[in-house]
Amino acid sequence: MMKSITIDCSKVKNENDFHEVFATLDITPNYYGKNLNALWDVLTTDIEGPVMFMFENHKEFELANTSDYEKIISLFKEAQSERPTELSINLS
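Residue numbering for the sequence shown follows the working numbering, beginning at 107 and increasing consecutively.
Here you go:
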């Protein structure tokens, strides 16, 4: 059964904000390093799937910092391509 995880991006203005939000999720390990390498490790090895990541209010993050937004979304998409049956992304 697929687990659904909501990531509310309404207060995310940059990469650091995103890592702070991601660190609070139930599925994120306590040792999460709050950087892109740590995010990759969590997505590709630490999370037991299948998991659907629901990005709420992601347009606010994209408008606030397109560069950081694209880095993070690209990383999620790359992780999804590595684990197609385990990870899904929904930009709502």
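All C-beta atoms, glycine included, are put in the ideal place defined by N, C-alpha and C.
Practice problem: Assess, as a yes-or-no matter, whether the region 149 to 159 is touched by the region 174 to 190 under the definition of 3 or more beta carbon pairs within less than 8 Å. | Solution: yes
Self-check item: Option in D174, T172, I111, N163 with minimal Cα separation from T134
Solution: For the purposes of this step, residue 134 is taken as the residue at position 28 of the sequence shown. Comparing Cα positions, the closest option is I111.
Exercise. Report the partner residues of F167 according to the DSSP bridge assignment.
Key: In the sequence shown, counting from the first residue as 1, residue 167 sits at position 61. DSSP, once it has assigned bridges, lists no residue as partnering F167.
Quiz item: To the nearest whole angstrom, what separates the beta carbons of N119 and N171, a pair I think is in contact under 8 Å?
Solution: In the sequence shown, counting from the first residue as 1, residue 119 sits at position 13. In the sequence shown, counting from the first residue as 1, residue 171 sits at position 65. Position check: residue 119 holds Lys in this sequence, whereas Asn was assumed. Indeed, because the Cβ distance is near 6 Å, the residues count as touching under 8 Å.
Exercise. Please state if the CB of G155 and the CB of L197 are separated by a distance shorter than 8 Å.
Key: Position 91 of the sequence shown, counted from the first residue, corresponds to residue 197. Position 49 of the sequence shown, counted from the first residue, corresponds to residue 155. Going by C-beta atoms, L197 is not nearer than 8 Å to G155.
Quiz prompt | Every unbroken alpha helix (DSSP H) inside the region 125 to 187 [4 residues or more] | solution = 142 to 147, 164 to 170
Practice problem: Please report how far the alpha carbon of P264 lies from the alpha carbon of L169, in whole angstroms. | Solution: No answer is possible for residue 264: the residues shown for the chain start at 107 and end at 198.
Quiz item: Can I153 be considered in contact with the ligand MG, in the sense that its beta carbon sits closer than 7 Å to one or more heavy atoms?
Solution: The model on display carries no ligand, and the ligand MG is accordingly not part of it.
Quiz item: Under a Cβ-count criterion, where at least 16 other Cβ atoms within 10 Å of its own Cβ denotes burial, should D174 be classed as buried or exposed?
Solution: Taking the sequence shown and counting its residues from 1, one reaches residue 174 at position 68. D174 comes out buried.
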